[in-house]
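Down below is the structure, laid out as structure tokens.
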Amino acid sequence: MTNKTIPKFLMLIDGALTGGVNDGWLTSVNPANEQEIGRFAVAEAVDVERAALAAEKAQPAWEERSMTERARLVRETCRRLSERADEILSLEVRDTGNTIGRMKNDLAAAIGLVEYYIGVAPELKGETFPSPASILRFTLREPYGVVGRIAPFNHPLYFALTGLAGPLMAGNAVVIKPPEQSPLSASILAEACRDVLPAGVVNIVNGPGAVTGQALVQNPRIRRLAFTGSVPTGLAIQRAAAEVGIKHLSLELGGKNPMIVFPDVDLDAVADAAVAGMNFAWQGQSCGATSRLILHEDIHDQVLERVIARVGHILPGDPLDERSGMGPINSRAHYDRVLQHIANASEDGAQLVIGGRRPAGREFEQGYWIEPTVFSQVKPGMRLARQEIFGPVLAVMRWRSLDELVSLANDTEYGLAASVWTRDVAGALKLSRRIKTGVFGVNSNSWHAIGVPFGGAGNSGIGREECLEELLSYTEIKSIHVAL
Ligand code: NAD
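Numbering (my numbering), first residue to last: 434 to 917.
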């Protein structure tokens, strides 16, 4: 394919679809077959500044609009996206490699969360304080002005859309940076925002993290940053932000989430949950994937056998085919990383019990394919026990005593999600106090429910999302004292 036939995708700055000032372009590749599917404009610091300036100019009038009016416009943006749901789905499946069957729900789920932010927005209120009749003391919640959002590759449109709703309902303007590996669906969001919202209220800038992301983090007009991505990038953002001033950061970072199993469980149900929890249909590229299965020694072998049998039935295939159980890894760079993790696991002495290779067949000769993979005999201290892979690789571990279990479960830098599987719910709740985690499941790996805080302890992040706290976090409090 020549460059002439590859569609081009623009950014949104100040209400106009545009390229970068320096006319930089990158290519997005379909990870299922390595074919180029689109060229997208790259924002350098000068373009990020154009976007931030446009946002800064547009924000006061946006804040002046009534809550009802802001809600109407955000809803209308969603409606325009819904009208193009099929187009978004087809583009995003090709751009990410995620399977269509699972990806179908992403837009509807995102719009559901947007509706939540709209519904809860009247809670952006202040307080009054006890005081003598001669003085009135109260607080206001004021928007920061311009909020910057940086998103990861696993749910590009979902994170872009849900990421703008909270800041907008709180009266901010937004600059969003989608992931450079899978940026194309953001162009449809850009068109919807251009057609519905006042110019500059939402700006979308694309490009590599080290260029566009860094420029966004260090732009002085952006005082509030919300980041979703990996721990190393979260740390880089903290450092880069600190070089230019005090910024308010929220960080939604990675996980190495333990699924802890007691011996009193239904073995088939637990094996089903372990496989579903790994999100193999998303190639394991989920921050909430239960990538450490920690089994009591009495049931270890029976559960492992059942997990292997189920994993053996997951069939990778064309992500656009509803029957495919798994797609390719999102990008060449990430594919190489996942393969390196698999090699490290073998080198450290973990036992590969299924998968670990490119699937057989002509359709898998091109693209970033890896079979769903399970390692057993994973011991504390091995890299596989501690490092997030963000790929289709499950680590199975064994526990005997409760203290050993707690130490295993907490033995990573992460603390995003954890679950305990047992009939003893009281025992599980007691255990919840000893596990370093932001989200805890008892007989459940279901971490997301509208309005329920989601976010990590330890190095898994700062702040909580999908809840009222997130909405409030796009405002700062001003205290007012009025002598009457
Ligand atoms: P990543 O950290 O490599 O990149 C995320 C985003 O940050 C991208 O848009 C990238 O361009 C940008 N970026 C990279 N370097 C930057 C820099 N120096 N300054 C500013 N921006 C920069 O993450 P990824 O590989 O896209 O996504 C996978 C990670 O995201 C995993 O660790 C996963 O667990 C995490 N994640 C967390 C959640 C959550 O809610 N906690 C959700 C999804 C993904």
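Glycine included, each C-beta is placed from N, C-alpha and C at the ideal position. The structure presented is a predicted model; accordingly, all values stated were derived computationally and were not measured.
Drop a sphere of 10 angstroms on the beta-carbon of residue i, count the other beta-carbons inside from all chains shown, and report buried for 16 or more, exposed for fewer.
| i | result |
| --- | --- |
| residue 774 | buried |
| residue 501 | exposed |
| residue 647 | buried |
| residue 649 | buried |
| residue 666 | buried |
| residue 538 | exposed |
| residue 614 | buried |
| residue 510 | buried |
| residue 436 | With a pLDDT of only 49 at residue 436, under 50, the local geometry of the prediction cannot be trusted, and the value read off the model is given with reservation. Result: exposed. |
| residue 733 | buried |
| residue 585 | buried |
| residue 662 | buried |
| residue 627 | buried |
| residue 540 | buried |
| residue 645 | buried |
| residue 858 | exposed |
| residue 411 | With the chain running from 434 to 917 in the structure shown, residue 411 is simply not present. |
| residue 856 | exposed |
| residue 845 | buried |
Can you tell me whether residue i is helix, strand or coil according to DSSP?
| i | result |
| --- | --- |
| residue 894 | strand |
| residue 586 | coil |
| residue 615 | coil |
| residue 537 | helix |
| residue 922 | The structure shown does not extend to residue 922, since the chain is modelled only from 434 to 917, so the question has no answer here. |
| residue 711 | coil |
| residue 917 | coil |
| residue 787 | strand |
| residue 777 | helix |
| residue 406 | Given a span of 434 to 917 for the chain in the structure shown, any question on residue 406 remains unanswerable. |
| residue 755 | coil |
| residue 469 | strand |
| residue 495 | helix |
| residue 581 | strand |
| residue 882 | coil |
| residue 445 | strand |
| residue 868 | coil |
| residue 610 | strand |
| residue 739 | helix |
| residue 863 | helix |
| residue 696 | coil |
| residue 440 | coil |
| residue 793 | coil |
| residue 855 | coil |
| residue 630 | coil |
| residue 730 | coil |
| residue 722 | coil |
| residue 555 | helix |
| residue 435 | Reliability fails at residue 435, whose pLDDT of 49 lies under 50, so the model's placement of it is uncertain and the value that follows must be treated cautiously. Residue 435: coil per DSSP, three-state reduction. |
| residue 600 | helix |
| residue 922 | This structure does not reach residue 922, given that the chain is present from 434 up to 917, and the question cannot be answered. |
With distance defined between alpha-carbon atoms, name the residue in the options nearest to residue i.
| i | options | result |
| --- | --- | --- |
| residue 456 | 810, 473, 463, 536 | 473 |
| residue 885 | 871, 875, 876 | 871 |
| residue 466 | 789, 720, 750, 776 | 750 |
| residue 909 | 529, 538, 579, 444 | 579 |
| residue 475 | 445, 495, 489 | 445 |
| residue 499 | 912, 714, 593, 602 | 602 |
| residue 758 | 737, 708, 768 | 708 |
| residue 703 | 877, 722, 679 | 877 |
| residue 917 | 569, 464, 541 | 569 |
| residue 741 | 713, 864, 841, 554 | 713 |
| residue 901 | 914, 882, 585 | 882 |
| residue 867 | 838, 887, 858 | 838 |
| residue 439 | 593, 739, 461, 827 | 461 |
| residue 378 | 848, 914, 485 | For the chain, the structure presents residues 434 to 917; residue 378 sits outside this window and is missing. |
| residue 533 | 572, 760, 737, 679 | 760 |
| residue 717 | 556, 656, 825, 905 | 825 |
### Message
Counting beta carbon pairs with one atom in the region 672 to 686 and one in the region 894 to 907, are three or more of them shorter than 8 angstroms?
### Response
Put simply, the region 894 to 907 touches the region 672 to 686. At least three CB pairs are less than 8 angstroms apart.
#### Entry: Touch test, the region 775 to 794 against the region 630 to 637, Cβ-Cβ under 8 angstroms, three pairs minimum
no
### Query
So does the region 800 to 808 actually touch the region 837 to 854, counting three or more Cβ pairs closer than 8 angstroms?
Touching, no.
### Query
Is it true that the region 791 to 801 meets the region 818 to 828, where meeting means three or more beta-carbon pairs spaced less than 8 angstroms apart?
no
### Query
Is the region 514 to 529 touching the region 753 to 763, taking contact as three or more C-beta pairs under 8 angstroms?
yes
### Query
Would the region 447 to 462 and the region 473 to 487 be scored as touching if the rule is three or more Cβ pairs under 8 angstroms?
yes
### Message
Tell me whether the region 547 to 562 and the region 586 to 599 touch, counting them as touching only if at least three CB pairs, one residue from each stretch, are closer than 8 angstroms.
### Response
Touching, per the Cβ criterion.
### Query
Hey, which unbroken runs of the beta strand (DSSP E) at 3 residues or more fall wholly within the region 644 to 689?
657 to 661, 681 to 685
### Query
Should the region 685 to 703 be regarded as contacting the region 715 to 726, the criterion being three or more beta carbon pairs within less than 8 angstroms?
yes
#### Entry: Complete runs of the beta strand (DSSP E) confined to the region 799 to 847 [at least 3 residues]
List check, beta strand (DSSP E) in window: 806 to 809, 826 to 832.
### Message
Pairs of beta-carbons, one from the region 550 to 565 and one from the region 580 to 594, closer than 8 angstroms: are there three or more?
### Response
no
### Message
Quick check for students: name the residue ranges of the alpha helix (DSSP H) that lie wholly in the region 501 to 548, counting only runs of 4 or more.
### Response
Within the region 501 to 548, the complete alpha helix (DSSP H) runs of at least 4 residues are 518 to 529.
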